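Engineer: Position one of the sequence shown corresponds to residue 0 (numbering that gives the first Met the number 0), numbered consecutively onward. Before we start, here is the structure in question, set down as structure tokens.
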Amino acid sequence: MTYLAPHTTPLSRAAMALPENPLRALYPLAARDGMISLANGHPSPDACDHVGLRDALDAAAADPMAWRYGPTAGDPRLRRALAHLSGDQPDSVIVTSGAQQGIDLAIRTLCDPGDTVLVPEALYPATLSVLAACGVTAHPVREDAGGLCLNALEQAIQDSKARALYLTPTFGNPTGSVLSEDRRGALLALCARTGVLVIEDDPYRDLWFDAPPPPSLWEMAGACGARVIALRSCSKSIAPGLRIGWMLATSDLTPHITALKQASDLQSSGTAQMTVLAYLSSGRFDDWLVKARALYRARHDALREGLVEAGFDVPAVTGGMFLWARLPKHIDTARLFETAVAQGVLYAPGAAFDASGQGGEIALYARFCFASNDVKSLKQATDRLAQAARLSA
Ligand SMILES: Cc1ncc(COP(=O)(O)O)c(C=O)c1O
């Protein structure tokens, strides 16, 4: 793991302990002339409803609340609109500056420095950054093709005495896996029995191809007696630049989360909140999602086909933005990455998602985002990867 450069300025232990986000570190490579980047989880510009958002921005500009301080938990009209999307009560909703702030607030609400949080062994790296910033240890839990393994989770709960479990059960990042409804129920029952609170990070939920995913852990929690904080986002389905997400939490937690948010940023941007409200009120969102799903489905198929032809072992996914591929056998992974970059194609090496920091099996995998490029560029990217694989064998 790479750490930020030592500094002569006196720094907190948290600031010094913060690992560099390995995905953000790829940005300069992605910006190289002619590079096709499959590395970052960025929604496609053409999966963004520019016309609808420009109109929403105009409507937002006419709303005085776009320019004023507002309530920390979010504009009440937006809280109602977001609650309506998931069939919840507005009181459960706290508007956040992206799901990323939700991760931060959830961890800081539940954990003290020195505590442990259970996480999937292949983990979205910015969650690792939050845990490091809070002095919290990540305890990795083994996964299979269906997501977290419940026997491994049970053992990890016993071993770690963790207070919370963080996971992305729907179209996980990086694996793309979906926890089945049965496994969701068993996971919630286990967490209820052992007093572990579940943080459900769910930014990809809307991006399904053929059929909606199983009910969320938040929706199922009550029937299983479990406690869940859910994190949602407008980033992947509307636009990431808005930086608007939301948390769903029970009434014993919402005042504490809101107080921590107030200490952090007072409120999320009023202009962005009013833009999301205007966009949701315009009635364009549902139609737009249908288009985005079809676009991503076609791109998934194209990328997967190209990767299989190039010798990668890559299961299909049923939504989200990522394929998680085992690299071709007998290939030096470091050499493949360098050669791929030299050929003009970038991907996210598996090691970037290693929650244990120990290396091992995960380094034999890589994450490929199918969302950000059109089918023609994806074909070009996999041709370049095939060439890189040949040169690295
Ligand atoms: C699993 C996961 N959680 C949270 C985020 C952050 O999302 P947002 O843009 O809503 O802050 C991402 C973004 O890639 C993600 O993949």
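Beta carbons are placed, not taken as given, at the ideal position from N, Cα and C, and that holds for glycine. Computed from a predicted model, the values in this text were never measured in an experiment.
Which residue comes first and which comes last in the alpha helix (DSSP H) that contains Val129?
Structural biologist: Locating residue 129 in the sequence shown gives position 130, counting from the first residue. Run containing Val129: Pro124 to Ala132, per the alpha helix (DSSP H) assignment.
Engineer: Specify which residues have a beta carbon nearer than 6 Å to any heavy atom of ligand 1, listing them in chain order.
Structural biologist: Gly40, Gly97, Ala98, Gln99, Tyr123, Thr167, Asn172, Asp200, Pro202, Ser232, Ser234, Pro239 and Gly244
Engineer: In this structure, what does DSSP give as the bridge partners for Tyr278?
Structural biologist: As a position in the sequence shown, residue 278 is number 279, starting the count at 1. Tyr278 is not bridged to any residue.
Engineer: Taking only runs that begin and end inside the stretch 142-220, name each unbroken alpha helix (DSSP H) of 4 or more residues, in chain order.
Structural biologist: 149-159 and 180-193
Engineer: Pull up the DSSP beta-bridge partners for His138, would you.
Structural biologist: The residue you call residue 138 lines up with position 139 of the sequence shown. According to DSSP, which records beta bridges pairwise, His138 is partnered with Leu117.
Engineer: Go through its chain and collect everything with a Cβ distance to Glu308's Cβ below 8 Å, but skip five positions before and after it.
Structural biologist: As a first step, residue 308 must be located in the sequence shown, where it is residue number 309. The answer, listed in chain order, is Thr381 and Ala385.
Engineer: To the nearest angstrom, how far is it from the Cα of Gln357 to the Cα of Pro119?
Structural biologist: Position 358 of the sequence shown holds residue 357. Position 120 of the sequence shown holds residue 119. If you take the alpha carbons of Gln357 and Pro119, they lie about 14 Å apart.
Engineer: Pull the bridge partners of Trp323 from the DSSP assignment, please.
Structural biologist: Along the sequence shown, one-based indexing puts residue 323 at 324. Beta-bridge pairing by DSSP links Trp323 to Arg366.
Engineer: Assuming Val116 and Ala163 are in contact, meaning their beta carbons sit under 8 Å apart, how far apart are those beta carbons, in whole angstroms?
Structural biologist: Here residue 116 refers to the residue found at position 117 when the sequence shown is read from its first residue. Here residue 163 refers to the residue found at position 164 when the sequence shown is read from its first residue. Val116 to Ala163, Cβ: 5 Å. Contact.
Engineer: Going by the beta-carbon positions, is the gap between His138 and Ala105 smaller than 8 Å?
Structural biologist: Looking up residue 138 in the sequence shown gives position 139. Looking up residue 105 in the sequence shown gives position 106. Going by C-beta atoms, His138 is not nearer than 8 Å to Ala105.
Engineer: Going by DSSP in three states, Met246 sits in which element: helix, strand or coil?
Structural biologist: Start at 1 with the first residue of the sequence shown, and residue 246 comes out as number 247. In this structure, Met246 counts as strand in the three-state DSSP scheme.
Engineer: Are the Cβ atoms of Ala365 and Gly349 separated by less than 8 Å?
Structural biologist: As a position in the sequence shown, residue 365 is number 366, starting the count at 1. As a position in the sequence shown, residue 349 is number 350, starting the count at 1. It is a contact, given that the beta carbons lie within the stated cut-off.
Engineer: To the nearest angstrom, how far is the alpha carbon of Leu390 from that of Gly134?
Structural biologist: As a working mapping, residue 390 is identified with position 391 in the sequence shown. As a working mapping, residue 134 is identified with position 135 in the sequence shown. Spanning the two alpha carbons is a distance of roughly 43 Å.
Engineer: Could you check if Gln100 is buried or exposed, using at least 16 other CB atoms within 10 Å of its CB as the buried criterion?
Structural biologist: One-based indexing of the sequence shown puts residue 100 at position 101. Label assigned to Gln100: buried.
Engineer: Thinking just about the alpha-carbon of each residue, which of Asp201, Leu22 and Ser159 is nearest to the one in Gly194?
Structural biologist: Within the sequence shown, numbered from 1, the residue matching residue 194 stands at position 195. Nearest of Asp201, Leu22 and Ser159 to Gly194, Cα basis: Ser159.
Engineer: Looking at Pro124: is its Cβ nearer than 8 Å to the Cβ of Leu22?
Structural biologist: On the sequence shown, position 125 is the one that residue 124 refers to. On the sequence shown, position 23 is the one that residue 22 refers to. Their beta carbons are under 8 Å apart, which means Pro124 touches Leu22 by this criterion.
Engineer: Is the CB-CB distance between Arg192 and Pro168 below 8 Å?
Structural biologist: One-based indexing of the sequence shown puts residue 192 at position 193. One-based indexing of the sequence shown puts residue 168 at position 169. Contact flag unset, no.
Engineer: Which residues does DSSP pair with Ile93 in a beta bridge?
Structural biologist: Stepping through the sequence shown from its first residue, residue 93 is reached at position 94. Ile93 pairs with Met246.
Engineer: Identify which residue in Leu206, Ser215 and Phe208 has its Cα closest to the Cα of Asp181.
Structural biologist: By one-based count along the sequence shown, residue 181 stands at place 182. Among Leu206, Ser215 and Phe208, the Cα nearest to that of Asp181 is on Ser215.
Engineer: Taking just the CA atoms, how far does Asp286 sit from Gln272?
Structural biologist: Taking the sequence shown and counting its residues from 1, one reaches residue 272 at position 273. Taking the sequence shown and counting its residues from 1, one reaches residue 286 at position 287. About 21 Å.
Engineer: Helix, strand or coil for Leu25 per DSSP?
Structural biologist: Along the sequence shown, read from residue 1 onward, the residue named residue 25 stands at position 26. The three-state secondary structure of Leu25, taken from DSSP, is helix.
Engineer: Taking C-beta to C-beta, are Val316 and Gly175 nearer than 8 Å?
Structural biologist: Start at 1 with the first residue of the sequence shown, and residue 316 comes out as number 317. Start at 1 with the first residue of the sequence shown, and residue 175 comes out as number 176. In contact: Val316 and Gly175 (Cβ atoms closer than 8 Å).
Engineer: So, with DSSP's three-state summary, where would you put Val307?
Structural biologist: Mapped onto the sequence shown, residue 307 falls at position 308. In this structure, Val307 counts as helix in the three-state DSSP scheme.
Engineer: Nearest-angstrom Cα distance between His299 and Lys290?
Structural biologist: Position 300 of the sequence shown, counted from the first residue, corresponds to residue 299. Position 291 of the sequence shown, counted from the first residue, corresponds to residue 290. The alpha-carbon of His299 is positioned some 14 Å away from that of Lys290.
Engineer: Considering only residues of the same chain and omitting the five flanking positions on each side of Ala277, which have a CB-CB separation below 6 Å?
Structural biologist: The residue labelled residue 277 in the question sits at position 278 within the sequence shown. So the list reads Ala55, Ala58 and Ala59, once near-sequence residues are dropped.
Engineer: Assuming Leu196 and Arg242 form a contact by the criterion Cβ under 8 Å, report the distance between their Cβ atoms to the nearest whole angstrom.
Structural biologist: The residue given as residue 196 occupies position 197 in the sequence shown. The residue given as residue 242 occupies position 243 in the sequence shown. That pair is no contact at about 26 Å.
Engineer: Classify Ser11: buried if its beta carbon has 16 or more other beta carbons within 10 angstroms, exposed otherwise.
Structural biologist: Indexing the sequence shown from 1 puts residue 11 at position 12. Exposed is the call here.
Engineer: Is the CB-CB distance between Gly33 and Gly269 below 8 Å?
Structural biologist: Within the sequence shown, residue 33 is the residue found at index 34, counting from 1. Within the sequence shown, residue 269 is the residue found at index 270, counting from 1. Inclusion of Gly33 and Gly269 in the CB contact set at 8 Å is not warranted, their separation being larger than that value.
Engineer: Going by beta carbon distance, what residues of the same chain come within less than 6 Å of Gly310, once the five residues before and after it are set aside?
Structural biologist: Here residue 310 refers to the residue found at position 311 of the sequence shown. Hits under 6 Å: Pro327 and Ala388.
Engineer: Does the separation of the CB atoms of Arg231 and Ala98 fall below 8 Å?
Structural biologist: Sequence index remark: in the sequence shown, residue 231 carries index 232 (1-based). Sequence index remark: in the sequence shown, residue 98 carries index 99 (1-based). Yes, the pair counts as a contact, with Cβ atoms nearer than the cut-off.
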